[in-house]
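Trainee: Below you will find the structure I want to go over with you.
2 protein chains.
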Amino acid sequence: MSEYSDARSRFLRLHDALRTRICLLDYPPGSRLSEEALAAEFGTSRTPLRRVLAKLEDEGLVQSQHGVGTIVTDVDPGEMARTYDLRRELAGLVGRLSPVPITDEIIATAIGFLKQGEDLLHHPETRALAKLNMDYFHFGTSLTDNEALREMSERLYYRTARIWLTATAHLDLSDEAAIFVSELRDSLQALRARDAQAAADVRRAHISLCMARVSIVRP
Amino acid sequence: MSEYSDARSRFLRLHDALRTRICLLDYPPGSRLSEEALAAEFGTSRTPLRRVLAKLEDEGLVQSQHGVGTIVTDVDPGEMARTYDLRRELAGLVGRLSPVPITDEIIATAIGFLKQGEDLLHHPETRALAKLNMDYFHFGTSLTDNEALREMSERLYYRTARIWLTATAHLDLSDEAAIFVSELRDSLQALRARDAQAAADVRRAHISLCMARVSIVRP
DNA sequence: AATTGCGGCGTTGTGCACAACCTTGATGCA
DNA sequence: TGCATCAAGGTTGTGCACAACGCCGCAATT
Chain R
1 MSEYSDARSR FLRLHDALRT RICLLDYPPG SRLSEEALAA EFGTSRTPLR RVLAKLEDEG
61 LVQSQHGVGT IVTDVDPGEM ARTYDLRREL AGLVGRLSPV PITDEIIATA IGFLKQGEDL
121 LHHPETRALA KLNMDYFHFG TSLTDNEALR EMSERLYYRT ARIWLTATAH LDLSDEAAIF
181 VSELRDSLQA LRARDAQAAA DVRRAHISLC MARVSIVRP
Chain V
220 MSEYSDARSR FLRLHDALRT RICLLDYPPG SRLSEEALAA EFGTSRTPLR RVLAKLEDEG
280 LVQSQHGVGT IVTDVDPGEM ARTYDLRREL AGLVGRLSPV PITDEIIATA IGFLKQGEDL
340 LHHPETRALA KLNMDYFHFG TSLTDNEALR EMSERLYYRT ARIWLTATAH LDLSDEAAIF
400 VSELRDSLQA LRARDAQAAA DVRRAHISLC MARVSIVRP
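From first to last, the protein sequence lines are chains R and V. By this note's numbering, the letter at position 94 of the first sequence is numbered 94, and the numbering carries on one by one without gaps. With positions in the second sequence counted from 1, the corresponding number in this note's numbering is that position plus 219.
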């Protein structure tokens with residue numbers, strides 16, 4: 001089930017690598033990705049790599065122009081606000097559409113996230129916090145069995161993930177870390193109560209608050 | 220704004236053509252699409268066509284296997300039910316997230332759809348009804364300015380569109396046409412009242428009912 | 001001095017040949 | 001007869017060479 005052919009597995013690996021780099025601002029908006037350079041780095045030819053870039057373009061993270069290059073997209077504030085609107089609603093749906101039964105293993109995972117978050121409180125790093133947030137997001141979507149809902153949520157997440165990271169430059173990193181840890185605590189409490197809807201509502205509320213904080217720094 | 224380069228425009232055209240064929244069951248589930256044959260039909264080489272097939276695979280409509288072929292996917296009843304669940308919720312959100320102001324032009328378009336639907340009542344055809352339903356769906360999503368919501372709704376629609384068409388073989392076509400026309404009437408009434416949420420709720424309700432009718436014929 | 005035309009350079013898009021792979025059928029052997 | 005093995009044919013995946021295209025700088029012209 002989890003076995004893939006070499007080609008597909010490499011495709012997924014490259015896609016995930018590039019997506020992460022874009023969302024962690026290793027490739028900031030406006031930068032140009034060279035097909036040839038990336039192909040050389042990953043030890044393939046341009047052909048398989050072009051398929052990865054095509055998917056990234058479909059997801060709205062890059063844009064290819066004939067004769068110009070493949071450019072990392074910038075984020076339009078207005079569209080981002082509407083995307084956040086939808087993300088908030090989808091986060092709430094995770095608690096209503098086919099929520100998974102909350103097991104001890106799930107709670108243990110949540111505890112693990114809280115531990116990692118608390119560690120970050122003492123010496124907060126932007127990148128580490130963003131990465132933890134990304135992992136925690138995947139954990140959040142795994143709380144529903146509705147595959148379509150998971151897929152759409154992730155698609156929208158990666159489209160907006162860069163916003164927070166960009167805004168953090170103008171926000172207080174310690175504050176952001178504290179807010180994130182408090183979300184982890186609220187979430188853990190809901191999960192201990194075996195209340196999937198409450199856990200989803202925690203995420204929903206925090207997406208709203210995050211959107212509000214981020215939109216303030218926007219000019 | 221609506222101008223595209225030749226390459227992109229052709230890509231969109233091919234993608235739309237193949238997607239429509241799959242959803243209208245010209246290519247029933249399980250059939251094999253030959254890259255070479257399709258390339259010849261559309262007058263290109265395999266390279267641009269492969270990009271189209273890759274997108275269709277990403278959308279879950281086909282599945283490529285090395286050395287075997289590109290096969291039109293079949294629909295898993297369980298997953299489809301969950302996808303319908305999400306589609307229903309998204310339809311409701313169209314009325315809440317950035318609904319467009321309802322203009323006379325929109326109402327005129329709705330009247331046009333109703334007229335076409337009523338014409339079909341006298342001599343119903345499965346394919347024509349499915350096509351009209353597809354066009355009407357796009358009209359429904361155009362009632363929100365939230366681009367992400369439109370995109371996700373369409374993505375899910377095309378993933379489930381074949382279900383109804385398959386089920387129609389076991390349902391009464393005249394009944395289905397009548398139900399569809401009654402949806403058009405309800406929808407038009409809501410639009411005349413300039414009530415976007417009511418229009419969205421009409422769609423929401425009909426998606427629920429459609430899901431129920433379709434799931435009955437499933438063994 | 002400003003502008004316009006042009007040519008070089010780098011980039012993405014395309015076509016083709018070949019590699020990798022799976023299926024199928026025949027064929028030889030126990 | 002049953003089965004294993006292998007070869008042939010067809011399909012998707014890959015690599016490479018070239019075409020198409022846009023940008024930039026230079027130079028000739030007005």
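Where is the CB? At the ideal position from N, CA and C, for every residue including glycine.
Tell whether a beta-carbon distance below 9 Å holds between R/L143 and R/A198.
Mentor: Contact flag unset, no.
Trainee: Step through the CB atoms of chain V and report whether any lies within less than 9 Å of the CB of R/R51.
Mentor: By this cut-off, R/R51 is an interface position.
Trainee: Give the residues of chain R in contact with V/T302, contact being defined as C-beta atoms less than 7 Å apart.
Mentor: Those are A148, listed as they occur along chain R.
Trainee: Rounded to a whole number of angstroms, what is the C-alpha to C-alpha distance between V/F332 and R/D201?
Mentor: When rounded, the distance between both Cα atoms is 39 Å.
Trainee: Counting only beta-carbon atoms, is V/D235 nearer than 9 Å to chain R?
Mentor: So no, V/D235 is outside the interface.
Trainee: What does DSSP give as the partner residue(s) for V/I290 in the beta ladder?
Mentor: V/I290 pairs with V/R251, V/Q282.
Trainee: So V/V313 is in the alpha helix (DSSP H); what residue range does that whole segment cover?
Mentor: From DSSP, V/V313 is part of no alpha helix (DSSP H); its letter is neither H nor E.
Trainee: For V/T363, which of helix, strand or coil comes out of DSSP?
Mentor: Three-state DSSP puts V/T363 in a strand.
Trainee: When the cut-off is 9 Å and only beta carbons count, does R/L227 lie next to chain V?
Mentor: Not covered by the structure: residue 227 of chain R. The range shown for chain R is 1 to 219.
Trainee: Would you kindly work out how many angstroms separate the C-alpha atoms of V/D293 and V/G311, rounded to a whole number?
Mentor: Those two C-alpha atoms are separated by around 27 Å.
Trainee: Leaving aside the five residues before and after R/R19 along the sequence, list all residues of the same chain whose C-beta is less than 7 Å from its C-beta, in chain order.
Mentor: Result list for R/R19: L56, L61, Y158, in chain order.
Trainee: Residues in the stretch 57 to 80 of chain R with C-beta within 7 Å of chain V's C-beta atoms, listed in sequence order?
Mentor: Answer in chain order: D58, H66, E79.
Trainee: For V/S224 and chain R, any beta-carbon pair shorter than 9 Å?
Mentor: Chain R contact via Cβ: present.
Trainee: When DSSP labels each residue in this structure, what does R/R194 get in the three-state scheme?
Mentor: R/R194 falls in the coil class under three-state DSSP.
Trainee: What is the C-beta distance between V/E254 and V/R240, in whole angstroms, given that I count them as a contact (C-beta under 8 Å)?
Mentor: Not a contact, Cβ separation roughly 15 Å.
Trainee: Buried or exposed: which applies to R/E118, given that a residue is buried once 16 or more other Cβ atoms fall within 10 Å of its Cβ?
Mentor: Counting Cβ neighbours within 10 Å, R/E118 comes out exposed, since fewer than 16 surround it.
Trainee: Within 10 angstroms of its Cβ, does V/S228 collect 16 or more other Cβ (buried), or is it exposed?
Mentor: The residue is exposed, with fewer than 16 neighbouring Cβ atoms inside 10 Å.
Trainee: Please determine, among V/A412, V/M299, V/C242, V/F399, the residue with the shortest C-alpha to C-alpha distance to V/A424.
Mentor: When each option's Cα is compared against that of V/A424, the closest is V/F399.
Trainee: Could one say the Cβ of V/M430 lies closer than 9 Å to chain R's Cβ atoms, at least one of them?
Mentor: No, no contact with chain R.
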